[in-house]
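So the protein lines, in turn, are chains A and B. Residues in the first sequence are numbered consecutively from 824, following this note's numbering. Residues in the second sequence are numbered consecutively from 824, following this note's numbering. Built from N, CA and C at the ideal position, the CB exists for glycine as well. Just so you know, these numbers come straight off a predicted model, no measurement behind them.
Number of protein chains: 2
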Amino acid sequence: MGNYTKPIDLKYSDRIQQVPRSFIRDILKVASSPEIISFAGGLPNRKYFPVKELSESTARVMKNQASTALQYSLTSGLPKLREIIATFYTNQGLNIPIENILITTGSQQALDLIGKTFINEGDTVLLEEPSYLGAIQAFSMYRPKFKAIELQADGINIEKWEEAIKHDQPKFTYMIPNFQNPTGISYSLQKRKEVAKRAIENNSLLIEDDPYGKIRFSGEHLPNIFSLAPNNTILLGSFSKIIVPGFRLGWVIADKKIINKLEVAKQAADLHTDVFVQHIVIDFLKHNDLNTHLNKILKAYKTQADSICDAMAEYLPENFTFTKPQGGMFTWVTMPNNYSSLKVFNEAQKRNMAFVPGVPFYIDRKDASTMRLNFSCSEPNIINEGIKRLAKAIEQLYPSKF
Amino acid sequence: MGNYTKPIDLKYSDRIQQVPRSFIRDILKVASSPEIISFAGGLPNRKYFPVKELSESTARVMKNQASTALQYSLTSGLPKLREIIATFYTNQGLNIPIENILITTGSQQALDLIGKTFINEGDTVLLEEPSYLGAIQAFSMYRPKFKAIELQADGINIEKWEEAIKHDQPKFTYMIPNFQNPTGISYSLQKRKEVAKRAIENNSLLIEDDPYGKIRFSGEHLPNIFSLAPNNTILLGSFSKIIVPGFRLGWVIADKKIINKLEVAKQAADLHTDVFVQHIVIDFLKHNDLNTHLNKILKAYKTQADSICDAMAEYLPENFTFTKPQGGMFTWVTMPNNYSSLKVFNEAQKRNMAFVPGVPFYIDRKDASTMRLNFSCSEPNIINEGIKRLAKAIEQLYPSKF
Chain A
824 MGNYTKPIDL KYSDRIQQVP RSFIRDILKV ASSPEIISFA GGLPNRKYFP VKELSESTAR
884 VMKNQASTAL QYSLTSGLPK LREIIATFYT NQGLNIPIEN ILITTGSQQA LDLIGKTFIN
944 EGDTVLLEEP SYLGAIQAFS MYRPKFKAIE LQADGINIEK WEEAIKHDQP KFTYMIPNFQ
1004 NPTGISYSLQ KRKEVAKRAI ENNSLLIEDD PYGKIRFSGE HLPNIFSLAP NNTILLGSFS
1064 KIIVPGFRLG WVIADKKIIN KLEVAKQAAD LHTDVFVQHI VIDFLKHNDL NTHLNKILKA
1124 YKTQADSICD AMAEYLPENF TFTKPQGGMF TWVTMPNNYS SLKVFNEAQK RNMAFVPGVP
1184 FYIDRKDAST MRLNFSCSEP NIINEGIKRL AKAIEQLYPS KF
Chain B
824 MGNYTKPIDL KYSDRIQQVP RSFIRDILKV ASSPEIISFA GGLPNRKYFP VKELSESTAR
884 VMKNQASTAL QYSLTSGLPK LREIIATFYT NQGLNIPIEN ILITTGSQQA LDLIGKTFIN
944 EGDTVLLEEP SYLGAIQAFS MYRPKFKAIE LQADGINIEK WEEAIKHDQP KFTYMIPNFQ
1004 NPTGISYSLQ KRKEVAKRAI ENNSLLIEDD PYGKIRFSGE HLPNIFSLAP NNTILLGSFS
1064 KIIVPGFRLG WVIADKKIIN KLEVAKQAAD LHTDVFVQHI VIDFLKHNDL NTHLNKILKA
1124 YKTQADSICD AMAEYLPENF TFTKPQGGMF TWVTMPNNYS SLKVFNEAQK RNMAFVPGVP
1184 FYIDRKDAST MRLNFSCSEP NIINEGIKRL AKAIEQLYPS KF
């Protein structure tokens, strides 16, 4: 700016000094060239956005409710939208009053509000290892001590987790039991029950982040841990993967006392979430069957998940393992311990293929022998070609291992 | 919820324990009955929402850009929207690159991000006395020591302010130089120049909150302090009062280094602001002349401001003073020191009239002899009747003083 001459000496807060630049953002910059086959993103497939239906809803809202839909509104979110969200859980035997639901500016805001409401500097927060980067970033702002607990193929390592609860007295444990980002792993029914039981026994708080719960394309729907331990659980949901992410609409379900505190934090954070898009989503869900819409997404994602698993089985070395996801948007490749995902990333990039190395999903950000691969945005033939390129990059780096 | 049986023992953060329930929210609940004449709100007048134009823009965005406008997007906000915002300041001789602009989820989010980025617990923050409640709430979350500096009829008390800067080494000073909420006071040109000069001399950071700058209906536009001390100032703006508040769209302008830090905080807070409404506002401003739209608002607000000032001059006791605002949405009544605005509020309520007692706009939340009156949402005849009722309430409580 022409007017800037002598920048003043700035004193930032300690918390902002500590937060590292987003690793994924740098990777996505690399991955954005059109010639690259990228499994690096984390986007829902825009082909399945219900554009026509949302256009109709938008026109109706503008015609019938404009002056309310464009004015300031309630911090807690529209009651009608909260009623609709409550119905998402009735098939689990839950009857959730709207006072237990808070609308948030995307699920990400719920993570920030939870951090703000619960974490004092130095408090312990337990996470799965690996865990969702956005949660690590949001909680980091409140300067907790993180402790990462091994994530196994059927969910968190229960014994190690309970040991940490008893030893570290954490403020809460953050979990993604359905089709986790980054690993695609889902908790078994048995593990869900164990988690609920031990949380109750230890009087310990859980954050159950569930953005992908309705994106199950194989296997049977399993209950939210919230339904098994409602007094111990704060449940997060989102419209980003089931309708569209651009609206930034999510929700929190919890005990009323907790919701009241989160609402105070939300009022200070942004007064309320865009109420225009809240009206649009209410109208959309009134005039359209959500399951009919979801089935289109599930069909495509299942085909793409099958494609990536088939290609990995065919082209990747035999000593590699990977998740066969039953839902969500990601799979996770584990290479032998001494392999470097950063080196593989650089080599794959030369072959116009990209993914996210496992690094940012671990608390200590060391190099990792793991990779996150997104399958929601690529057609099967592209997926096949992308995995071929990945296999060549690995062969180039680690030839003797093939 | 039927499922809640034994709520667990919750340990909240210290910061959330301290934030009091919103005083204004309780008052607005009282003021929401239809028979009440309320000057308590802080809403722009929905009569002047450009509904037809926004409907057209929304339809065009859905037709031409749906898949981008509904997908995840940039944390910094759409470049085109930032370009448009930059043009708002060219008449002040400013040429602002888009790298210096961050889109926020309403101006309120900018306050939260600034608190997060700058305030360590115990840092001093300087405010005008009285100040905007939303800023006090947002900054409170980061547990600063507040120090309030007298606000005079032409702006902050410069000598007391500079003394506080030298003595307390504040992280920043928060100011609303145009038509302040709650007082309606604007800084004179002279005071703006003095503030800029002393901020530069003392190497001190200013937060210039300017949601009402374009809502000037009398007098001449005065420069933002940002234009006089760009290295020392973070400037906040908002579409809430010039287009619609329901979209939750605001912006921050600052040095690139500061914007980078705020962007890290924003990514952790909500990833990005609703990109659908960003597209709508871009389209609206491309197809409509903002000044033509603003002139309708200004004409109405001027008539209403004149009405409330005329009515106050006619009905209120002579020893009362009030702001004659040149813009914005509020006026501010100062009663003799020993009068209680809380008592007046209760008495006015019995007469179906409401306003906001001055209390929540002061750091120490004692009773106050001041009142905030909003004039943007009432017709002149209603305004006249409301002030009559207020005068009767005052006469009932303080009869000898008339």
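Among the residues facing chain B, Phe1143 of chain A is not included, as its CB has no counterpart in that chain under 8 Å away. Rounded to whole angstroms, the gap between the alpha carbons of Leu1072 of chain B and Ile1081 of chain A is 28 Å. Counting only runs of at least 4 residues, the region 1088-1134 of chain A fully encloses the following alpha helix (DSSP H) elements, listed from N- to C-terminal order: 1098-1110. Take the alpha-carbon of Asp849 of chain A and the one of Asn1169 of chain A: they are about 13 Å apart. For Gly1209 of chain B, the enclosing alpha helix (DSSP H) covers residues Pro1203 to Leu1220. Take Ala971 of chain B, set aside five residues on each side of it, and the residues of its chain with a beta-carbon closer than 6 Å to its own are Leu950, Glu952 and Ile1186, in chain order.
Using a CB distance below 8 Å, the part of the region 1055-1087 of chain B facing chain A consists of Asn1055, Ser1063, Val1067, Pro1068, Gly1069, Phe1070, Arg1071, Asp1078, Lys1080, Ile1081, Lys1084 and Val1087, ordered along the chain. Under the three-state reduction of DSSP, Lys968 of chain A is assigned to strand. Straight-line spacing of the CA atoms in Ile979 of chain B and Asn914 of chain A works out to 59 Å. For the region 1015-1087 of chain B, the continuous beta strand (DSSP E) assignments of 3+ residues that do not extend past its boundaries occur at 1029-1032, 1056-1061 and 1073-1076, in sequence order.
The residue among A:Val1104, A:Asp1078 and A:Gln1149 with its C-alpha nearest the C-alpha of Asn918 of chain A is A:Asp1078. The beta carbon of Gln888 of chain A is closer than 8 Å to those of His1102 in its chain, skipping five residues each way along the sequence.
At least one beta carbon of chain B lies nearer than 8 Å to the beta carbon of Leu866 of chain A. In this model, Gly865 of chain A and Met1152 of chain A are separated by some 7 Å (Cα to Cα). In this chain, the beta strand (DSSP E) harbouring Thr1154 of chain B covers Phe1153 to Thr1157. Pairing Leu1108 of chain A with Ala909 of chain A, the inter-Cα distance amounts to about 13 Å. Here Gly929 of chain B is buried, its C-beta having at least 16 other C-beta atoms within 10 Å. Taking a cut-off of 8 Å on C-beta distances, the region 1061-1068 of chain A touches the region 862-878 of chain A, as three or more cross pairs fall below it. For Thr1146 of chain B, the three-state secondary structure derived from DSSP is coil.
Val1182 of chain B: not part of any alpha helix (DSSP H); DSSP gives it neither H nor E. At a cut-off of 8 Å, the C-beta of Asn1026 of chain A has a neighbouring C-beta in chain B. DSSP, reduced to helix, strand and coil, places Phe846 of chain A within a helical segment of the structure shown. The distance from the Cβ of Arg1195 of chain B to that of Gly1181 of chain B is about 7 Å, consistent with a contact at the 8 Å cut-off.
Annotation for Phe995 of chain A: the continuous beta strand (DSSP E) segment containing it runs Phe995 to Met998. When the alpha-carbon of Arg1174 of chain B is set against those of B:Asn1083, B:Ile1217, B:Ile1048 and B:Cys1132, the nearest one is in B:Ile1217.
Per the DSSP secondary-structure output, Gly978 of chain A pairs in a beta bridge with A:Gln975. For the region 1011-1035 of chain A, the beta-carbon criterion of a distance under 7 Å to any beta-carbon of chain B is satisfied by Asn1026 and Leu1028.
Taking 8 Å as the cut-off, the beta carbon of Lys939 of chain A is found no closer than this to the beta carbon of Arg1021 of chain B. Put simply, the CB of Lys903 of chain A is far from chain B, with every gap to its CB atoms at 8 Å or more.
Against chain B, the beta carbon of Met885 of chain A has neighbours under 8 Å at Val874, Leu877, Ser878 and Thr881, listed in chain order. Scanning its chain for C-beta atoms nearer than 7 Å, with the 5 sequence neighbours on each side dropped, one finds around Lys1037 of chain B the residues Ile1065 and Leu1117, in chain order. For Glu879 of chain A, the enclosing alpha helix (DSSP H) starts and ends at Val874 to Asn887. Tyr997 of chain A and Val1075 of chain A do not touch by the CB rule: their CB atoms are close to 13 Å apart, not below 8 Å. Contact between the region 998-1018 of chain A and the region 1142-1152 of chain A is present: three or more C-beta pairs spanning the two stretches fall below 8 Å. Counting only the Cα atoms, Ile937 of chain B lies some 10 Å from Glu1086 of chain B. In this structure the region 952-961 of chain A does not touch the region 1093-1100 of chain A; the number of beta carbon pairs closer than 8 Å is below three.
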